[in-house]
Structures are given as C-alpha cells and as structure tokens.
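**Student:**
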DNA sequence: GAATCCGTAATGGTAATACCAATTTGAACA
DNA sequence: TGTTCAAATTGGTATTACCATTACGGATTC
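Residue numbers (our numbering), protein chains in the order written: chain C, 3 to 266; chain B, 3 to 266.
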C-alpha cells in the first residue's frame with residue numbers, strides 16, 4: 003500500500019476492537035483484514051502497515067495482531083518477510099497444498115483416490131483448454147513438449163517439464179479456480195513422485211501421449227483432449243503404483259520391468 | 003492422547019529445537035507436529051499436551067509454540083478449545099473454504115468460473131456415485147429428496163436439504179479426496195446463494211432434476227447421472243445469475259420472472 | 001444414597017515488554 | 001558515479017503476567 007508511517011488502511015482510530023469480552027480478539031483481526039481483502043481495499047502485492055502501527059490502529063496488542071496475521075499467512079493470502087514487511091500474496095493464485103497433505107495423512111486417503119480426483123480435474127481442464135487456449139498458451143505447451151524430448155535421459159528434468167506442461171494446460175483452461183485446484187492436488191502427488199521417478203524406465207510412451215494431448219487441444223477437439231488426458235493419467239497411476247511396489251521391495255532383484263512407463 | 007501431565011509425544015527432551023540461528027523456530031514447530039501427524043502418531047481426536055508442557059518439550063517459548071499451533075489450526079488440522087485443550091481435528095475430513103474465498107476475492111474469480119469448477123467436480127462425483135454408492139447412501143439420498151418435497155414452500159429449508167443431497171452424492175462417490183474438494187468449492191457458492199435464495203420462485207423443476215439424478219445413481223447408470231448433474235448445475239448457475247441481477251436492481255420493478263428456477 | 005451445586009485447578013487467550021535478526025535505506029566514502 | 005557500511009525499520013522470539021473458559025471433584029442438599 004504505502005511506505006510512510008501514517009498508513010491508515012481506512013480504519014478509523016476510533017473503531018477500535020472493543021470489549022474482547024467474548025474473547026475472540028484474534029478472530030476479529032482476521033475478520034477485519036479479510037474484509038479489507040474482500041472489499042478490494044487490499045490488492046495482491048500491497049504492503050500492510052508495520053505490525054506495531056497496525057496493532058495500534060486496530061486497538062489490539064501486537065501478539066494478538068500477529069496471531070491473526072499468521073493465520074492469514076498460513077492460508078496463503080499474506081507473506082511476511084523479516085525486515086521488509088507483510089505483504090498481500092501476489093503472483094499466480096495458489097492454494098497451499100499442505101492442508102490437503104495433512105488431511106490425507108490424518109484420514110488415510112489412498113493415492114488411488116488422489117489420482118482419481120486429479121483425473122477428474124485435469125480431464126475437465128483439458129477439455130476446456132481445447133476450447134479456450136490462446137495462441138500464446140499453445141506455444142507454451144509446444145515448448146514444454148520440446149523440452150521433454152530434450153530431457154528423455156534425465157528423469158528429474160523430464161519431470162520438471164512434465165509438471166509445467168500440465169500446469170500450462172490448467173492455465174489454458176481459462177479458469178483460474180480450476181487451475182488452482184489442479185495445482186493443489188497435483189502438488190501432493192508430485193512430491194511423492196519425485197522420489198520414485200528415477201525408477202521409471204521408458205518415457206517414450208508418456209511423451210507420445212503428451213503429444214497426442216497437445217494435438218487435440220491445438221485442433222480444438224475437447225473430447226479427444228479429454229480422452230487423451232484420461233488415458234495419460236491412468237498410465238501415470240499404474241506407473242506410480244508399479245514404482246512404489248518396486249521401492250517397497252527395494253532389495254529384491256527386479257525381474258521384468260519392460261512394461262514400466264512413466265506417465266506422470 | 004493422554005490426560006496426565008507427563009505426556010511426552012515421543013519427543014525426547016534432549017531433542018530440543020536447537021540454535022534457532024536460522025530464525026525459523028515456528029517453522030520447526032509446524033514441521034514437528036506435522037511429522038507426528040504424517041507418522042500417524044497423532045490421530046483424529048487426539049489431544050495434545052498443554053501448551054506450557056509442549057513448549058518445554060520442544061524447547062521453544064510458549065508464544066512460538068502457539069504460533070505454530072495457530073498455523074496448523076488455521077489449516078484445519080487442529081482445534082483449540084479454551085479451558086479444554088488442543089485437539090487433532092476429528093469428524094469428516096474437510097478443507098476450510100475461507101482460503102479459497104479470499105483467493106477468489108483477491109484475484110477476482112468470477113462466479114461463472116466457480117460454477118464451472120463445481121460442475122466438473124460434482125459431475126465426476128455423480129458418475130462415481132452411480133458406480134459405488136452403498137445401500138445406506140442411496141437411502142440417505144432418497145430421504146433428502148423427501149425432505150425437499152416437504153420444504154417446497156420454505157426456500158431456506160429447501161436449500162439446507164439441497165446442500166445435504168449434494169454432500170451425500172459426494173460421499174457416495176467413495177472418494178474422500180473428491181468429496182472434500184466438492185465441499186470446499188460448494189461452500190463458497192452456497193454462502194452467496196443463501197442471500198439470494200429467497201428470490202427463487204419455482205423449485206419444481208429443480209426437484210425434478212434431483213429426482214432424475216437420484217434415479218440414475220440408483221440404477222447404476224454413470225453416464226445418465228453425469229448428464230443429469232451437468233444439466234442441474236447449469237440451471238443453478240443460470241438461476242443464480244438471474245437472482246443476482248434482480249438483487250442489483252433491487253429497487254426496480256421486476257417485470258417477468260416466470261422462467262426463474264432455483265437449481266442450486 | 002443420589003443428584004445438584006459450587007469452588008478450585010488446569011488450560012487456552014490476551015497483553016505488555018524487551019531483545020534478536022534480517023532487510024532496507026541512505027549517507028559517507030573511494 | 002559506484003561501493004560500502006552503518007543506522008533505522010520491521011518481522012521473529014522470548015519472558016512474564018493475568019484473564020476467560022472449561023473440566024473435575026468434593027461438599028451440600030434433597
């Protein structure tokens with residue numbers, strides 16, 4: 003917002019949070035900041051007043067204010083940098099995937115369910131991308147495929163461009179809400195994937211499917227794009243399961259692995 | 003976990019968080035608790051040691067510990083009750099929808115995009131429900147439809163059972179990850195919906211579609227279920243847009259509204 | 001003897017204060 | 001003009017004290 007010390011955020015000094023008799027001081031802070039965001043008075047990249055000032059403006063102590071700020075920060079809407087200040091999150095909209103990760107751990111979500119969800123989201127995104135992708139977005143997709151060709155012998159590098167390709171499709175759907183969810187779910191799976199990717203053996207089939215998917219999007223054929231994405235994720239799921247089995251029996255001699263594909 | 007004061011959580015008193023030279027004391031706390039959850043040492047409903055004790059066990063101050071706990075609480079994995087203690091979240095797995103709400107406000111996500119995302123998720127859920135729904139889940143669906151019939155003249159009450167019906171479908175998909183996302187996205191839309199629902203006029207068509215959807219699920223026809231859900235949400239989106247337009251011009255005389263349906 | 005009531009202890013919530021660490025900023029200097 | 005360094009700003013942590021709510025247990029009462 004501003005840099006001077008008299009930042010006010012439009013909060014009247016009189017409108018101090020009163021009588022925390024109900025005890026929800028922190029909740030009040032969260033609500034106040036949230037309202038500023040919802041009311042578009044705080045935009046991405048804006049800087050909040052210093053904690054000491056803001057605390058005084060809201061009529062709460064600094065610890066209470068910090069509690070509220072931390073809650074919003076853990077939701078991903080605020081970012082604090084020591085020495086610099088507290089800022090409204092900028093850049094592309096993202097939802098932190100850590101909550102989903104913990105929820106999965108708590109309730110024992112299976113990876114199959116996770117893949118199923120990812121499939122639903124990404125198949126939808128692929129269909130929309132075939133309808134809405136701009137020329138520039140199509141170019142980005144093509145570039146990532148080229149990079150994948152170049153990285154055929156480097157699993158980790160291949161994975162990076164694979165991820166970017168999928169992210170580009172989500173973006174090309176033209177639906178930021180959908181893209182955000184795709185990113186959140188995929189992030190959980192990618193983390194695990196990065197650990198087992200080195201066991202993958204043949205990327206050619208994976209790359210083939212990527213190509214097929216790209217052509218469908220480029221030629222504006224939603225149904226073909228959906229079908230390709232469905233097939234692609236199914237293979238990825240199978241490859242993932244296979245590699246995980248191998249890892250669990252890591253000391254045994256792998257006999258046949260000719261049908262192992264990467265997918266991702 | 004336990005109620006006595008000697009709770010240890012398996013954390014060696016020696017394994018104190020050392021040399022916060024890097025300054026990330028709170029991060030350490032979050033990581034430690036997260037690991038306990040991921041390692042299944044903390045299960046839903048478990049109670050954590052008192053803050054003062056836990057702070058001593060981890061070798062951090064109480065404010066720092068609280069900062070970590072609050073971050074996890076705002077992610078929805080912990081719940082603190084004054085006077086009682088801090089507990090691992092129990093009940094059905096849910097992701098707080100507030101982060102999505104704020105993200106939408108920050109980046110100006112449109113309701114149409116939100117509906118589109120909801121459609122993708124719920125259509126997928128409906129298809130899976132047709133495959134996986136148990137007898138009991140089918141019964142729940144039927145009951146909610148009956149309740150909707152009974153509430154035909156009470157918009158708010160109708161909406162409640164409408165929500166439950168959709169929630170039941172998500173549950174019947176057998177995929178908790180998917181159900182969680184459905185809930186998160188829908189919650190954002192429902193909140194706004196509750197404000198405009200009273201402007202809805204005719205629930206019959208909506209109810210008809212619900213019936214159709216239920217029959218498709220009951221008779222194990224995924225494609226029919228998907229089609230019905232697609233149609234249903236499309237109508238809901240249109241009704242929503244219509245009611246919103248009415249609200250914006252709330253002081254004008256509404257001329258014709260015969261084609262307004264509710265959907266939800 | 002059983003149910004109710006109330007007080008005490010335990011626990012999370014808030015506050016005030018001091019100090020640490022990282023960043024920024026700008027003035028001094030080469 | 002470019003570089004360096006030091007002071008001010010700002011978020012991070014710690015200590016301490018006290019408040020508000022809840023849970024538990026003993027005393028009272030019926």
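Quick reminder that beta carbons are idealized off the backbone N, C-alpha and C, glycines included.
Candidates C:114, C:118, C:116 and C:125: which alpha carbon is nearest residue 119 of chain B's?
**Tutor:** Working through the second chain from its first residue, we reach residue 119 of chain B at position 117. Considering only alpha carbons, the answer is C:125.
**Student:** So, does the stretch 126-142 of chain C touch the stretch 187-196 of chain B, judging by three or more C-beta pairs under 8 Å?
**Tutor:** no
**Student:** Kindly indicate if chain B contains any beta-carbon less than 8 Å away from that of residue 71 of chain C.
**Tutor:** Position 69 of the first chain, counting from 1, holds the residue named residue 71 of chain C. Cβ-Cβ to chain B under 8 Å: no for residue 71 of chain C.
**Student:** DSSP on residue 80 of chain B, reduced to helix/strand/coil?
**Tutor:** The residue you call residue 80 of chain B lines up with position 78 of the second chain. Residue 80 of chain B falls in the strand class under three-state DSSP.
**Student:** Check whether the Cβ of residue 119 of chain C lies closer than 8 Å to any Cβ atom in chain B.
**Tutor:** In the first chain, counting from the first residue as 1, residue 119 of chain C sits at position 117. So, interface residue.
**Student:** Could you run through the stretch 117-148 of chain C and flag, in chain order, every residue whose CB is less than 7 Å away from some CB of chain B?
**Tutor:** Cβ contacts with chain B come from 118, 119, 122, 123 and 126.
**Student:** Could you check where the beta strand (DSSP E) with residue 62 of chain B kicks off and where it finishes?
**Tutor:** For the purposes of this step, residue 62 of chain B is taken as the residue at position 60 of the second chain. Run containing residue 62 of chain B: none; DSSP gives neither H nor E here.
**Student:** For the stretch 21-52 of chain B, which residues have a beta carbon sitting closer than 9 Å to at least one beta carbon of chain C?
**Tutor:** Residues of the stretch 21-52 of chain B with a Cβ closer than 9 Å to any Cβ of chain C, in chain order: 25, 28, 32, 36, 39, 40, 41, 42, 44, 45 and 46.
**Student:** Would you please verify whether the beta carbon of residue 62 of chain C is less than 8 Å from any beta carbon of chain B?
**Tutor:** Position 60 of the first chain, counted from the first residue, corresponds to residue 62 of chain C. With 8 Å as the cut-off, residue 62 of chain C does not count as an interface residue toward chain B.
**Student:** Can you give me the Cβ contacts of residue 246 of chain C inside the same chain, cut-off strictly under 7 Å, excluding the 5 residues immediately before and after it?
**Tutor:** In the first chain, the residue the question calls residue 246 of chain C occupies position 244. Once the five neighbours on either side are set aside, the close Cβ partners of residue 246 of chain C are 198.
**Student:** Helix, strand or coil: how does DSSP classify residue 113 of chain C here?
**Tutor:** Your numbering for residue 113 of chain C matches position 111 in the first chain. When secondary structure is reduced to three states using DSSP, residue 113 of chain C falls in the helix class.
**Student:** Pick from B:111, B:230 and B:38: whose alpha carbon is nearest that of residue 180 of chain C?
**Tutor:** As a working mapping, residue 180 of chain C is identified with position 178 in the first chain. Of the listed residues, the one whose Cα sits closest to residue 180 of chain C is B:111.
**Student:** Which chain C residues are close to residue 85 of chain B, counting only those with a beta carbon under 8 Å from its beta carbon?
**Tutor:** As a position in the second chain, residue 85 of chain B is number 83, starting the count at 1. Those within 8 Å of residue 85 of chain B in chain C number zero; the least Cβ separation is about 11 Å.
**Student:** Can you check whether the C-beta of residue 238 of chain C is within less than 8 Å of a C-beta belonging to chain B?
**Tutor:** Working through the first chain from its first residue, we reach residue 238 of chain C at position 236. Taking Cβ atoms only, chain B never reaches closer than 8 Å to residue 238 of chain C, which makes this a no.
**Student:** Taking only beta-carbon positions, decide if residue 224 of chain B is within less than 8 Å of chain C.
**Tutor:** Translated into positions along the second chain, residue 224 of chain B becomes position 222. No - not a single Cβ of chain C is within 8 Å of the one on residue 224 of chain B.
**Student:** Are the stretch 145-162 of chain C and the stretch 55-69 of chain B in contact at 8 Å, needing three or more beta carbon pairs?
**Tutor:** no
**Student:** For the alpha helix (DSSP H) holding residue 87 of chain C, just list the boundary residues, first then last.
**Tutor:** Your numbering for residue 87 of chain C matches position 85 in the first chain. No alpha helix (DSSP H) contains residue 87 of chain C, which is instead part of the beta strand (DSSP E) from 87-90.
**Student:** Compare the C-alpha of residue 157 of chain C against each of C:202, C:71, C:54 and C:93 and name the closest.
**Tutor:** Here residue 157 of chain C refers to the residue found at position 155 of the first chain. Cα-wise, what sits closest to residue 157 of chain C is C:202.
**Student:** Give me, in chain order, the residues of the same chain whose beta-carbon lies closer than 8 Å to that of residue 24 of chain C; leave out the 5 immediate sequence neighbours on both sides.
**Tutor:** Locating residue 24 of chain C in the first chain gives position 22, counting from the first residue. The pLDDT assigned to residue 24 of chain C is 45, lower than 50, so where the model puts this residue is not dependable; a value taken from the coordinates is nonetheless given after this. Same-chain partners within the cutoff: there are none.
**Student:** Whose Cβ in chain B lies nearer than 7 Å to the Cβ of residue 76 of chain C?
**Tutor:** Taking the first residue of the first chain as position 1, residue 76 of chain C is located at position 74. Chain B residues near residue 76 of chain C: 73, 76 and 77.
**Student:** Please list, in chain order, all residues of the same chain as residue 95 of chain C whose beta carbon is under 6 Å from its beta carbon, the five residues on each side excluded.
**Tutor:** Within the first chain, residue 95 of chain C is the residue found at index 93, counting from 1. Cβ within range, chain order: 178 and 182.
**Student:** Residue 238 of chain C to residue 159 of chain C, Cα distance in whole Å?
**Tutor:** In the first chain, the residue the question calls residue 238 of chain C occupies position 236. In the first chain, the residue the question calls residue 159 of chain C occupies position 157. Between residue 238 of chain C and residue 159 of chain C, the C-alpha separation is close to 17 Å.
**Student:** Taking Cβ positions, are residue 190 of chain B and residue 102 of chain B nearer each other than 8 Å?
**Tutor:** Here residue 190 of chain B corresponds to residue number 188 of the second chain, with the count starting at 1. Here residue 102 of chain B corresponds to residue number 100 of the second chain, with the count starting at 1. Contact flag set, yes.
**Student:** Is any beta-carbon of chain C found at less than 8 Å from that of residue 107 of chain B?
**Tutor:** The count along the second chain starts at 1 and reaches residue 107 of chain B at position 105. So yes, residue 107 of chain B belongs to the interface.
**Student:** Residue 49 of chain C by DSSP, collapsed to three states: which one?
**Tutor:** Indexing the first chain from 1 puts residue 49 of chain C at position 47. Correct three-state label for residue 49 of chain C: strand.
**Student:** Determine whether the beta carbon atoms of residue 36 of chain C and residue 60 of chain B lie at a separation below 8 Å.
**Tutor:** As a position in the first chain, residue 36 of chain C is number 34, starting the count at 1. As a position in the second chain, residue 60 of chain B is number 58, starting the count at 1. No, these two residues do not count as a Cβ contact at 8 Å.
**Student:** Could you tell me whether the stretch 80-92 of chain B touches the stretch 75-85 of chain C, where touching means 3 or more Cβ pairs closer than 8 Å?
**Tutor:** no
**Student:** Considering only the beta carbon of each residue, do residue 240 of chain C and residue 230 of chain C sit closer than 8 Å?
**Tutor:** Numbered from 1 along the first chain, position 238 holds the residue referred to as residue 240 of chain C. Numbered from 1 along the first chain, position 228 holds the residue referred to as residue 230 of chain C. Contact: no.
**Student:** Applying the criterion that 16 or more other CB atoms from any shown protein chain within 10 Å of the CB defines a buried residue, is residue 70 of chain B buried or exposed?
**Tutor:** Taking the second chain and counting its residues from 1, the one referred to as residue 70 of chain B is at position 68. Buried, because 16 or more other Cβ atoms sit within 10 Å of the Cβ of residue 70 of chain B.
**Student:** Check whether the Cβ atoms of residue 47 of chain B and residue 90 of chain B sit closer than 8 Å, and answer yes or no.
**Tutor:** Counting from 1 along the second chain, the entry for residue 47 of chain B is found at position 45. Counting from 1 along the second chain, the entry for residue 90 of chain B is found at position 88. Going by C-beta atoms, residue 47 of chain B is nearer than 8 Å to residue 90 of chain B.
**Student:** Please report how far the alpha carbon of residue 93 of chain B lies from the alpha carbon of residue 80 of chain B, in whole angstroms.
**Tutor:** Taking the second chain and counting its residues from 1, the one referred to as residue 93 of chain B is at position 91. Taking the second chain and counting its residues from 1, the one referred to as residue 80 of chain B is at position 78. When rounded, the distance between both Cα atoms is 12 Å.
**Student:** Going by DSSP in three states, residue 200 of chain B sits in which element: helix, strand or coil?
**Tutor:** Within the second chain, numbered from 1, the residue matching residue 200 of chain B stands at position 198. If DSSP states are grouped into helix, strand and coil, residue 200 of chain B belongs with the helices.
**Student:** So with Cβ pairs under 8 Å, would you call residue 111 of chain B a contact of chain C?
**Tutor:** Mapped onto the second chain, residue 111 of chain B falls at position 109. Output row for residue 111 of chain B: interface = yes.
**Student:** Counting only C-beta atoms, is residue 163 of chain B closer than 8 Å to chain C at any point?
**Tutor:** For this step, residue 163 of chain B is matched to residue 161 along the second chain. No, residue 163 of chain B lies away from the interface with chain C (no Cβ there is under 8 Å from its Cβ).
**Student:** Using a cut-off of 7 Å between C-beta atoms, extract the partners of residue 232 of chain C located in chain B.
**Tutor:** In the first chain, the residue the question calls residue 232 of chain C occupies position 230. Near residue 232 of chain C there are no residues of chain B at all, since even the closest Cβ is about 11 Å away, more than 7 Å.
**Student:** Any beta carbon from chain C within less than 8 Å of residue 246 of chain B's own beta carbon?
**Tutor:** Start at 1 with the first residue of the second chain, and residue 246 of chain B comes out as number 244. With 8 Å as the cut-off, residue 246 of chain B does not count as an interface residue toward chain C.
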